[in-house]
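Data block below; observations after.
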Amino acid sequence: MTTIINATIGVSKGLPRVWMEGQKLQHGGVQIGKKYAIKADVPAKRLELIEVPFDFSGKHVTVSKRERNGVVHPLIEIRSEQIREVFEEDDKVRIALRRGRIVITALQIQTKIRERLKRIKDKLDRGEKLPVISLFHGGGVLDRAIHSGMLRAGVGSFVQVGVELESEYLDASLRNNPDLWTEDSIAICSDVRDVHLGDNTPDGCILIGGVPCVGASRSGRSKNSLEFAEDHDDAGALYIDYLNWLKATNPAIALIENVGEYLNTAAMSAIRNVFKHQGYDVYETILDGWDFGSLERRKRMVVVAVTQGLGESFSFENLKVNKVRESCINEILDPVPLDDESWKTYEYLAAKEIRDKADGKGFGRQLLTGTEDGCGVIGRGYKKGRSTEPFLIHPTNPELSRLFTKAEHARIKGIPQEMLDGVSETTGHEIAGQSVCFHQFESVGEEIGNFLMRSRSNILKFPKRRPVVESAVVLPVPEPAVAQTGTMALFH
2 MTTIINATIG
12 VSKGLPRVWM
22 EGQKLQHGGV
32 QIGKKYAIKA
42 DVPAKRLELI
52 EVPFDFSGKH
62 VTVSKRERNG
72 VVHPLIEIRS
82 EQIREVFEED
92 DKVRIALRRG
102 RIVITALQIQ
112 TKIRERLKRI
122 KDKLDRGEKL
132 PVISLFHGGG
142 VLDRAIHSGM
152 LRAGVGSFVQ
162 VGVELESEYL
172 DASLRNNPDL
182 WTEDSIAICS
192 DVRDVHLGDN
202 TPDGCILIGG
212 VPCVGASRSG
222 RSKNSLEFAE
232 DHDDAGALYI
242 DYLNWLKATN
252 PAIALIENVG
262 EYLNTAAMSA
272 IRNVFKHQGY
282 DVYETILDGW
292 DFGSLERRKR
302 MVVVAVTQGL
312 GESFSFENLK
322 VNKVRESCIN
332 EILDPVPLDD
342 ESWKTYEYLA
352 AKEIRDKADG
362 KGFGRQLLTG
372 TEDGCGVIGR
382 GYKKGRSTEP
392 FLIHPTNPEL
402 SRLFTKAEHA
412 RIKGIPQEML
422 DGVSETTGHE
432 IAGQSVCFHQ
442 FESVGEEIGN
452 FLMRSRSNIL
462 KFPKRRPVVE
472 SAVVLPVPEP
482 AVAQTGTMAL
492 FH
């Protein structure tokens, strides 16, 4: 029979201690009175308790017993500096017991933390580009902003895996973002829920995802009559897929952006808890694109999760403003003729505004002259001509107004215009409308890059040696190393 125990490393009488007891030990073949010598393998981060004869005189531990509620249980207490020599700062270990054999190894979470710290440190030391896992990629606006900002700080990156549902969006990114994609990149056109995360899923150093917000935004919840953001049929549970990718690709840094309301959702609460359990420090804020040089007043939640041990100098307080905002909207307008067919009456929107006000809904139109120093949010469905998004009033006929062009939309958000090349007006508005204010996230990327450059010399080195008080036991006849399969593979 087999028993697996995840145990906490404690301290007893000044020494590190691992303690276990109960029927589960007996289930794993451990018998009261048996003696075990400790065999340490520091590089493999492994302790093995090997049964020795009763007359063994070397250092050992003995299986004792304790009676609770009339039941006698086996009990093992290991107090030894070897625990810290092998497991360093880990606070938990994994113990596997089968037929009296006891193997103690690092908990998988601790191993993954070490792996991702070593991976990013090695790449930074070699000056290599950091591989990015990009979910809900869209046209690549968020990724390009983060990439551009990190590059300002001297840290290169590329898309290792990019996942996007809409074929036209992914095509636009592949065509218009040559700096993001390399021969090693994997472009996946699929619903993220349909992507298989197997053993060959590439590791990444950074995970980026703008989890769709249609269930969390104020308008989305109102339109879909949702009590909770997680109730949305398509987008409500996508945060679970983000977390699945987090575990599968094991990045050193993870980033999420969404509407500000997402901070107070049950989904975000779950994300925080998973981040913390997986060994990340979580930094959260709400940033307005207008404050970073965009004309759009677009407030977004920004969450950056940093692996513990990578450093503690990341801060949203360090964000820089790298763009001088235009003085007014007129400065970014295309020369649209006054008799162009884009100027329309939009009578249905005027009628809807009257109805909404009468119903107390509080939704009003944004009718702009162009002299304003900014505008409200422009969303994915902007081309449909919706009631709350900005329209430009005709200079001579106030009965007419028009939508911004896709090029104007890009300028309002600060998006490089070439990112919308080769797509229709409708698709261009969709790509820009569901993305981000470029310079806002370029600044976030720059702080991530600066943080990595500040921290790289202080990232934990592995293995980390400690003084050893007790010497490891060397048995006269070592056991041969045999590859195990089936249940016994649990011990390797």
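Numbering (this note's numbering) for the sequence shown: 2 to 493. Beta carbons: idealized from backbone N, C-alpha and C, even for Gly.
3 or more residues per run - each beta strand (DSSP E) lying fully within the stretch 150-189: 158-165
Cβ neighbour criterion (16 or more within 10 Å) applied to L339: exposed
N-terminal and C-terminal residue of the beta strand (DSSP E) that N259 is part of: I254 to V260
Chain-order list of residues whose beta-carbon lies under 7 Å from that of A41 (same chain, five-residue window excluded): L48, Q83, E86, V87 and A473
T4 vs K36 beta-carbon contact at 8 Å: no
D422 and N177 closer than 8 Å at C-beta: yes
Which residues DSSP lists as bridging I134, in chain order: V162 and L208
N451 burial status per 10 Å Cβ neighbour count (16 or more: buried): buried
Per-residue burial, T370 [other beta carbons within 10 Å of its own, 16 or more giving buried]: exposed
Which of helix, strand or coil DSSP assigns to G11: strand
Beta-carbon proximity check, S158 vs N323, cutoff 8 Å: no
Cβ neighbours of S403 in the same chain (closer than 8 Å, five flanking residues each side left out): The residue you asked about is not Ser; residue 403 is Arg in the sequence shown. V337, D341, S343, W344, K345, F392, L393 and H395.
Exposed unless 16 or more other CB atoms sit within 10 angstroms - verdict on Y349: exposed
Contacting residues, own chain, Cβ-Cβ under 8 Å from Q309 (five flanking each side not counted): I114, G280, Y281 and D282
Expected contact under 8 Å - CB spacing of F137 and G211 to nearest Å: 5 Å
G139 and E165 closer than 8 Å at C-beta: yes
Q83 in three-state terms, based on DSSP: helix
Three-state secondary structure (DSSP) of W246: helix
Cβ separation of V193 and L239, assumed to be a contact under 8 Å, to the nearest whole Å: 7 Å
Cβ distance (whole Å) where F293 is taken to contact Q111 below 8 Å: Actually they are not in contact, since the Cβ atoms of F293 and Q111 sit about 38 Å apart, beyond 8 Å.
Short Cβ contact (8 Å threshold) for T397 with C329: no
CB of I413 within 8 Å of CB of E297, strictly: yes
CA-to-CA distance, R301 to I147, given in whole angstroms: 15 Å
Extent of the continuous alpha helix (DSSP H) to which S328 belongs: S328 -> no alpha helix (DSSP H), and no H or E assigned at all.
Stretch pair the stretch 179-186 + the stretch 86-105: three plus CB contacts closer than 8 Å: no
I33: first and last residue of the uninterrupted alpha helix (DSSP H) it sits in: Run containing I33: none; DSSP gives neither H nor E here.
Residue nearest to H278 in terms of C-alpha spacing, selected from L247, Y263, T106 and W291: L247
Nearest neighbour of V162, chosen from G205, I33 and N331 [CA to CA]: G205
Residues of its chain near E447, where Cβ-Cβ distance is below 6 Å and the 5 sequence neighbours each way are ignored: G150, R153 and A154
Alpha-carbon to alpha-carbon, L264 and Q418: 31 Å
CA nearest to the CA of I449, picked from E90, N319, I103 and K385: N319
Own chain, CB closer than 8 Å to S15, minus 5 neighbours either side, in chain order: It should be noted that the sequence gives Gly, not Ser, for residue 15. So no residue of the chain qualifies.
Residues bridged to S65 [DSSP beta-bridge criterion]: L76
Sequence-distant residues of the same chain with beta carbon closer than 7 Å to E471, five excluded per side: For E471, the predicted structure reports a pLDDT of 41, less than 50, and the residue's modelled location is therefore unreliable. A value from the coordinates is still provided. Excluding positions up to five away in sequence, the list reads K60, S81, E82 and Q83.
Cβ separation of L256 and L208, assumed to be a contact under 8 Å, to the nearest whole Å: 7 Å
CA nearest to the CA of R299, picked from V12, V19, R120 and S436: S436
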